[in-house]
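>
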Amino acid sequence: MKLMIRHLLILLSLCGQSAALSAQSLPRQLDDLMSRLLREHDVPGATLAVTKDGRLVYAKGFGYADSEAREAMRPQHLFRIGSVSKPIAAVAVLKLVEQGRLRLSDRVYRLVGEVPLPAGATVNPAIDAITIEDLLRHSSGQAIYNASGRISSPMQPPVSRDISRLFSIAHPPPFAYVVGYMKTRPLLHTAGKRFKYSNYGYALLGLVVEKVTSMPFDAYVKKTILAPVGIHCMQFGATLKSQKKVNEVTYYDLAGRPPVRSVLAGEPPGPFPYAGRHHEGWGAAGAWIASTVDIVRFVNHVDGQRSPAILRAATVRRMLARQDFPEHDREGFWYGLGWRVQKKRSGHHWYHNGSSNSGSAAIMLRTADGIAWAAHFNRRLPAGRALYEAFNREMWRIVRSVDSWPRHDLFRRDDAC
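Numbers -23 to -1, 1 to 394, taken from mature numbering (1 follows the signal peptide of the UniProt record, and there is no 0), label the letters of the sequence shown in order.
Here it is, written out as structure tokens:
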């Protein structure tokens, strides 16, 4: 949690005043920032999209979508977005709450139904108290951390391999077996009492949506959340390079890292982005691929900054409301229902980052004064989050210096894939 607070403070820190930027000079500043970041951090390619008051004022690609093929990056290219998937899942769940098909107080495992259990294991009765709201705000107690204390997941090795051995099944285990394993595990804390970030909890929300709607999670989201606001290219990605989608970028590991054992039975070792993580297994927690234009369109439609609104105003207030847990900062930072939030006098900043060791990094932010941006990079980040921090620091410096925003709108009514 200390790392999260430190990162938030860096993300939203006050920057020194710069010379005022006009609508004409803003694109050049953004171009220079992205070109410099790619050069300094050895990233093959990236895209950036920026909106003001619901208008797409900037969208551009930098470097290469595929270095070997010399394929130039375009703003329409699709990237793995990691945990930026979580706000999408939260909005989908809250839409079901608005429709009366779910309640935040619903007990999760009563909705999930029967799943396989390890031989001789019994269900932990404490899990019955876990609610939909607990999953949305990471207070279920069903978090997984590795030996070094970093956030992990039962959908990835080494835990996923333990699950396969327990059930004597091939790796990776289907998600129902992951759920069965987690039903038998002790909670880190009583449900609803602490904040402990849980990738598993958001994957479980995807299963809940499937049970309630009788549709695959991604199909429900595309039909109900994305298509009505003109987003048609977002989709679930896949693990193998041979399974790349149309317009999807190539992902690059840290330079010099040797091939790793594949998470898929029968597949040879390969670079971590295509062998070290079962992308499909993350589901609602992190399986989406999207363009930066998709992401800023989504974040502007959530509350109706751009019409139509996906959620009602009262739902958005509930989504961003402060959650009082010991782990949350007392200076105005918290995790709401699917979003990291900072309270400002004029409203809220709401945002999320995504970096899943899958060869990409994603940043999404919506400010209290009507600005939004999304940035995607196609190389896995090294330790230290230096790229995130440099990008966020410079973006805040630039947007705070703008004295007149472009008046054009680059959004098309429906962006074709």
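Glycine included, C-beta positions come from ideal geometry on N, C-alpha and C.
(1) Tell me the residue span of the beta strand (DSSP E) that contains residue 18.
(2) Say whether the segment 45 to 57 touches the segment 162 to 179, bearing in mind that this needs 3 or more beta-carbon pairs closer than 8 Å, one atom from each stretch.
(3) If we ignore side chains and look at the alpha-carbon of each, how far apart do residue 174 and residue 314 end up?
(4) For the 8 Å Cβ check, are there 3 or more pairs between the segment 248 to 267 and the segment 335 to 352?
(5) Are residue 282 and residue 207 touching if we call contact CB-CB under 8 Å?
(6) May I have the straight-line CA-CA distance separating residue 382 from residue 156, to the nearest angstrom?
(7) Might you give, ordered along the chain, the residues of its own chain that have their beta carbon closer than 7 Å to the beta carbon of residue 122, omitting 5 neighbours on each side?
(8) Do you know offhand how far residue 280's Cα is from residue 272's?
(9) Can you tell me which of 113, 59, 332 puts its alpha carbon nearest to the alpha carbon of residue 179?
(10) Would you kindly check if the distance between the Cβ of residue 21 and the Cβ of residue 251 is under 8 Å?
(11) Where DSSP assigns a beta bridge to residue 32, which residues make up the other side?
(12) So residue 86 is in the alpha helix (DSSP H); what residue range does that whole segment cover?
(13) List the endpoints of the continuous beta strand (DSSP E) containing residue 338.
(14) Taking the C-alpha atoms as reference points, what is the distance between residue 379 and residue 321?
(15) With a Cβ-Cβ cutoff of 8 Å, do residue 254 and residue 133 count as a contact?
(16) Along the chain, where does the alpha helix (DSSP H) that runs through residue 291 open and close?
(17) For residue 119, which option in 98, 190, 85 has the closest C-alpha, if you only look at C-alpha atoms?
(18) Could you tell me the alpha carbon to alpha carbon distance between residue 140 and residue 242, rounded to whole angstroms?
(19) So, does the segment 184 to 197 touch the segment 283 to 295, judging by three or more C-beta pairs under 8 Å?
(20) Verify whether the separation of the beta carbon atoms of residue 66 and residue 261 is less than 8 Å.
(21) Shortest alpha-carbon distance to residue 218 belongs to which of 249, 58, 203?
(22) Could you check the C-alpha separation between residue 144 and residue 94 for me, to the nearest Å?
(23) Tell me the DSSP bridge mates of residue 55?
(24) Excluding sequence positions up to five away, which residues of its chain have a Cβ less than 8 Å from the Cβ of residue -4?
(25) What's the call for residue 200, buried or exposed, on a 16-neighbour Cβ count within 10 Å?
(26) Just checking my contact of residue 258 with residue 58 at CB under 8 Å: how many whole Å lie between their CB atoms?
(27) Just to confirm before moving on: does the CB-CB distance between residue 345 and residue 325 stay below 8 Å?
(28) Would you tell me roughly how many angstroms separate the C-alpha atoms of residue 395 and residue 135, rounded to the nearest one?
(29) If you draw a straight line from the C-alpha of residue 220 to the C-alpha of residue 211, how long is it?
(30) Apart from the five residues on each side of it in sequence, which residues of its chain come closer than 7 Å, Cβ to Cβ, to residue 117?
(31) Apart from the five residues just before and just after residue 10, which ones in its own chain have a Cβ nearer than 6 Å to its Cβ?
(32) What residues in its chain sit with their C-beta under 6 Å from that of residue 103, if we drop five residues either side in the sequence?
(33) So if DSSP puts residue 218 in a beta bridge, which residue, or which two residues, is it bridged to?
(34) So which of 18, 17, 25, 19 has the shortest CA-CA distance to residue 5?
(35) Residue 349 by DSSP, collapsed to three states: which one?
(36) Measure the alpha-carbon distance for residue 215 versus residue 256 and round it to whole angstroms.
Put simply:
(1) No beta strand (DSSP E) contains residue 18, which is instead part of the alpha helix (DSSP H) from 3 to 18.
(2) no
(3) Distance between the alpha carbons of residue 174 and residue 314: 12 Å.
(4) Enough Cβ pairs lie closer than 8 Å, so yes.
(5) no
(6) Cα to Cα, the separation comes out at about 48 Å.
(7) 128, 129
(8) 14 Å
(9) 113
(10) no
(11) When DSSP reads this structure, residue 32 sits in a beta bridge with 29.
(12) 85 to 89
(13) 338 to 343
(14) Whole-angstrom Cα-Cα distance: 19 Å.
(15) yes
(16) Here the alpha helix (DSSP H) through residue 291 covers 290 to 297.
(17) 85
(18) Between residue 140 and residue 242, the C-alpha separation is close to 14 Å.
(19) no
(20) With contacts defined by Cβ atoms closer than 8 Å, residue 66 and residue 261 form a contacting pair.
(21) 249
(22) 8 Å
(23) BP columns for residue 55 point to 225.
(24) These residues qualify, in order along the chain: 378, 379, 380.
(25) exposed
(26) So it is not a contact: roughly 16 Å between Cβ atoms.
(27) yes
(28) The first residue shown for the chain is -23 and the last is 394, placing residue 395 beyond what the model contains.
(29) 15 Å
(30) 107, 111, 168, 175, 178
(31) 371
(32) Once the five neighbours on either side are set aside, the close Cβ partners of residue 103 are 164.
(33) Looking at the DSSP assignment, residue 218 forms no beta bridge with any residue, so it has no partner.
(34) 25
(35) strand
(36) Roughly 6 Å separates the two Cα atoms.
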